[in-house]
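The sequence shown begins at 2 in the numbering used here and counts up by one. Each residue gets a CB set at the ideal place from its N, CA and C atoms; glycine is no exception.
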Amino acid sequence: MNKQFAVLGLGSFGRSVALSLEKMGCDVMVVDDSYEKIQEISDKVSYAMKADVTDKDALQALGARNLDGAVVAVSEHPEANIMATLLCKEMGIPLVVAKAKDKLQGTILEKVGADSVVYPEIEMGSRIAKSMVANEFVDWIELSNDYSIVEIAVPRRWEGKSLAELDVRKKYGITVVGVMRGEKMDISFDPQTPLPGNAILVLIGANKILEKIKIEEK
Numbered sequence: 002m003n004k005q006f007a008v009l010g011l012g013s014f015g016r017s018v019a020l021s022l023e024k025m026g027c028d029v030m031v032v033d034d035s036y037e038k039i040q041e042i043s044d045k046v047s048y049a050m051k052a053d054v055t056d057k058d059a060l061q062a063l064g065a066r067n068l069d070g071a072v073v074a075v076s077e078h079p080e081a082n083i084m085a086t087l088l089c090k091e092m093g094i095p096l097v098v099a100k101a102k103d104k105l106q107g108t109i110l111e112k113v114g115a116d117s118v119v120y121p122e123i124e125m126g127s128r129i130a131k132s133m134v135a136n137e138f139v140d141w142i143e144l145s146n147d148y149s150i151v152e153i154a155v156p157r158r159w160e161g162k163s164l165a166e167l168d169v170r171k172k173y174g175i176t177v178v179g180v181m182r183g184e185k186m187d188i189s190f191d192p193q194t195p196l197p198g199n200a201i202l203v204l205i206g207a208n209k210i211l212e213k214i215k216i217e218e219k
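Rendered as C-alpha cells:
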C-alpha cells in the first residue's frame, strides 16, 4: 500500500513538497483555499480539495487516521498555520511537519504538537552545504533541523541482505520509502528480496542517524 500524505497550503514550498512526494510514488492529498492553486495541481496529485486548512471537517474528509503524515505549509498566516498543526495532531496524524517563517513561530508550532518544524529559507544554505560534502548521498532534502529525506546508494554491508533481515526501522529508527533501480522507483518492494549493490534507497530519518550510517560505511 502506498504511503499517504496530506499537504496543507500550496505556496511554493507546499506545492514542491506535494509534487515531490507524488513523484516518489506516495498518495498525496492537498488542501488550499485558493481555487486557482487547486486547479493547477489537481491533475498532478491523488486528491485536491479547496477548503480552509483550519476546517476540521475538511481535514477529516482526507481520512486523517489513515495518513502517514502531513505537511502544514501556510506560514504566511501564523494563526492558520498553528491551528492546522494543532488539528492534525488532535486527529491522530502520526507525523506532522510544519513550515515556519522564523524561530518564534517555530517554537509555537512545536508547543502545539508539531513533530518537526521546517525553515526552508534558513535551511537552504545548509542543504546546499550537505549536498556538496556528503558524497555518499545521491540527494539530501532537509525536512527540519533534525530530519531529512535522503537517497543513498545501498551500503556495502547491506548488499545481498533483505530489508526484513536488516530491520532498519528497529535498528536505526529510519523508514525506507522506496528502492530505485535505474530510473524506476519501487515503493512496493518485497522486504524479503536481497538488496542489489547498484540500487538506491530512499530513506526518511533523523539526521544524526543518517550521518551515522554514512560514517559506518567509511
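Residue interval of the alpha helix (DSSP H) (run including residue i)
i: ARG16; result: 13-24
i: GLN5; result: Per DSSP, GLN5 belongs to no alpha helix (DSSP H); it is in the beta strand (DSSP E), 5-9.
i: ASP58; result: 57-61
i: LEU110; result: 104-112
i: TYR36; result: 36-42
Residue burial classification, residue i (beta-carbon count within 10 angstroms, cutoff 16)
i: TYR148; result: buried
i: ARG158; result: exposed
i: PRO121; result: buried
i: GLN193; result: exposed
i: LYS24; result: exposed
i: GLY93; result: exposed
i: LEU22; result: buried
i: ALA165; result: exposed
i: MET30; result: buried
i: ASP33; result: buried
Segment limits, beta strand (DSSP E) that includes residue i
i: ALA81; result: Run containing ALA81: none in the beta strand (DSSP E); it sits in the alpha helix (DSSP H), 79-91.
Proximity of residue i and residue j at Cβ, strictly below 8 Å
i: ASP69; j: VAL97; result: no
i: GLU152; j: VAL203; result: yes
i: ALA85; j: VAL75; result: yes
i: ILE205; j: THR176; result: yes
i: LYS162; j: PRO197; result: no
i: GLN61; j: CYS27; result: no
Rounded distance between the beta-carbons of residue j and residue i, thought under 8 Å
i: VAL113; j: ALA101; result: Going by Cβ atoms, the distance from VAL113 to ALA101 rounds to 12 Å, so no, they are not a contact pair.
i: LYS45; j: LEU11; result: Contact doesn't hold; Cβ gap of about 11 Å is too wide.
i: ALA81; j: THR55; result: 5 Å
Per-residue DSSP class, three states only, for residue i
i: LYS219; result: For LYS219, the predicted model reports a pLDDT of 47, less than 50, meaning its position is unreliable; a value from the coordinates is still stated below. Correct three-state label for LYS219: coil.
i: TYR48; result: strand
i: SER171; result: Checking the sequence, you will find Lys at residue 171 rather than Ser. LYS171: helix per DSSP, three-state reduction.
i: GLU160; result: coil
i: ALA135; result: In this predicted model, ALA135 has a pLDDT of only 48, less than 50, meaning its place in the structure is not dependable; the value taken from the coordinates is given anyway. ALA135: coil per DSSP, three-state reduction.
i: ILE188; result: coil
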